[in-house]
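**Q**
Residue numbers (the numbering used here): 127 to 337.
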């Protein structure tokens, strides 16, 4: 009886320690995009839009700080920094690396949110690692972090453009049908980002990928 009680107390103690350590975890969610009004509604800026939605859900505002607009939220006991780099897409990694160092956040606890031409419109796909796929923001992030092994959430923008028109397409605005569907898709992506911070990568992938 005494040994069973001792084991129960030890298990309870270990559980409380684990919960305390998990509760202290910090996360960094980065939405990729380009600053300026002319880019605000473009497909390439979906990362900014998704972070704006998270900030709206959590009722916080962004503040312009070093290398980006930043907001801090708490979600289920986790501290989460939201970052919209002001470096323009091609130098996204500079801002990401800076805030990882500032907040002492390991690469496993960052999530880079970006557009993806290889996925149908609105499709979500979260991965633990991957290539840059020709995306300049991911390319610079990989260079700055010296690894392709960091979590990312890709939001499909499809590839409905004619040959040689890729740049115009990604820097173009959503069509009417896409605009109607965007609010629900952006909300789903925001929920996936929040899930990543408390449910973990694998559980979030299982719940949201392809949805």
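Just so it is clear, CB atoms sit at the ideal spot from N, CA and C, and this is done for glycine as well.
As the structure is a prediction and not an experimental result, all values here were calculated from the model.
Report yes if the CB atom of residue 173 is closer than 9 Å to the CB atom of residue 220, and no otherwise.
**A** As a first step, residue 173 must be located in the chain shown, where it is residue number 47. As a first step, residue 220 must be located in the chain shown, where it is residue number 94. Using a Cβ distance threshold of 9 Å, residue 173 and residue 220 do not count as a contacting pair.
**Q** Grab the span of the alpha helix (DSSP H) containing residue 278 for me, first residue to last.
**A** Residue numbering aside, residue 278 sits at position 152 when the chain shown is read from its first letter. Per DSSP, residue 278 belongs to no alpha helix (DSSP H); it is in the beta strand (DSSP E), 278-282.
**Q** In this structure, how does DSSP classify residue 318 when only helix, strand and coil are distinguished?
**A** Here residue 318 corresponds to residue number 192 of the chain shown, with the count starting at 1. Reduced to three states, the DSSP call for residue 318 is helix.
**Q** If you draw a straight line from the C-alpha of residue 214 to the C-alpha of residue 331, how long is it?
**A** Indexing the chain shown from 1 puts residue 214 at position 88. Indexing the chain shown from 1 puts residue 331 at position 205. Spanning the two alpha carbons is a distance of roughly 28 Å.
**Q** Do you know offhand how far residue 251's Cα is from residue 334's?
**A** Stepping through the chain shown from its first residue, residue 251 is reached at position 125. Stepping through the chain shown from its first residue, residue 334 is reached at position 208. Taking C-alpha positions only, residue 251 is separated from residue 334 by approximately 7 Å.
**Q** Taking DSSP as the reference, what is the three-state secondary structure of residue 154?
**A** As a first step, residue 154 must be located in the chain shown, where it is residue number 28. In this structure, residue 154 counts as strand in the three-state DSSP scheme.
**Q** Measuring CB atoms only, is the region 228-244 touching the region 267-287, in the sense that at least three cross pairs come out at less than 8 Å?
**A** With the rule of 3 Cβ pairs closer than 8 Å, the region 228-244 counts as touching the region 267-287.
**Q** I need the straight-line Cα distance from residue 337 to residue 236, nearest angstrom please.
**A** Within the chain shown, the letter at position 211 stands for residue 337. Within the chain shown, the letter at position 110 stands for residue 236. Those two C-alpha atoms are separated by around 22 Å.
**Q** Return yes when the Cβ of residue 271 is within less than 9 Å of the Cβ of residue 223, no when it is not.
**A** What you label residue 223 is simply residue 97 of the chain shown in a count that begins at 1. What you label residue 271 is simply residue 145 of the chain shown in a count that begins at 1. The Cβ-Cβ distance between residue 223 and residue 271 falls below 9 Å.
**Q** Is the region 308-316 touching the region 177-185, taking contact as three or more C-beta pairs under 8 Å?
**A** yes
**Q** Locate the alpha helix (DSSP H) running through residue 222, then write down its first and last residues.
**A** Working through the chain shown from its first residue, we reach residue 222 at position 96. Where residue 222 is concerned, the enclosing alpha helix (DSSP H) stretches over 218-229.
**Q** When you compare the region 165-179 with the region 315-326, are there three or more beta-carbon pairs, one atom per stretch, that lie closer than 8 Å?
**A** yes
**Q** Closer than 7 Å by C-beta to residue 225: which residues in its own chain qualify, once you throw out the five before and the five after it? Chain order, please.
**A** Locating residue 225 in the chain shown gives position 99, where the first residue counts as 1. Counting only Cβ-Cβ distances below 7 Å, and skipping sequence neighbours, we find 154, 207 and 209.
**Q** Taking 8 Å as the cut-off, does the region 303-310 touch the region 193-200 (at least 3 CB pairs, one atom from each stretch)?
**A** Under the Cβ criterion (8 Å, minimum of three pairs), the region 193-200 does not count as touching the region 303-310.
**Q** So, is residue 175 buried or exposed, given that buried needs 16 or more other C-beta atoms within 10 angstroms?
**A** Working through the chain shown from its first residue, we reach residue 175 at position 49. It is buried - the Cβ of residue 175 has at least 16 other Cβ atoms within 10 Å.
**Q** Would you please state the rounded distance, in angstroms, between the beta carbons of residue 229 and residue 152? I believe it to be under 8 Å.
**A** Translated into the one-based positions of the chain shown, residue 229 becomes position 103. Translated into the one-based positions of the chain shown, residue 152 becomes position 26. Between residue 229 and residue 152 a beta carbon distance of about 6 Å is seen, short of the 8 Å cut, so the two are scored as contacting.
**Q** Kindly indicate which three-state DSSP category residue 194 falls into: helix, strand or coil?
**A** For the purposes of this step, residue 194 is identified with residue 68 of the chain shown, where counting begins at 1. Residue 194 falls in the strand class under three-state DSSP.
**Q** By DSSP, does residue 312 sit in helix, in strand, or in coil?
**A** Your numbering for residue 312 matches position 186 in the chain shown. DSSP places residue 312 in helix when its eight states are reduced to three.
**Q** From which residue to which residue does the beta strand (DSSP E) around residue 236 run?
**A** As a working mapping, residue 236 is identified with position 110 in the chain shown. Here the beta strand (DSSP E) through residue 236 covers 236-242.
**Q** Consult DSSP for residue 330 and reduce its assignment to one of helix, strand or coil.
**A** The sequence position of residue 330 within the chain shown is 204, counting from 1. Looking at residue 330 - three-state DSSP - the assignment turns out to be helix.
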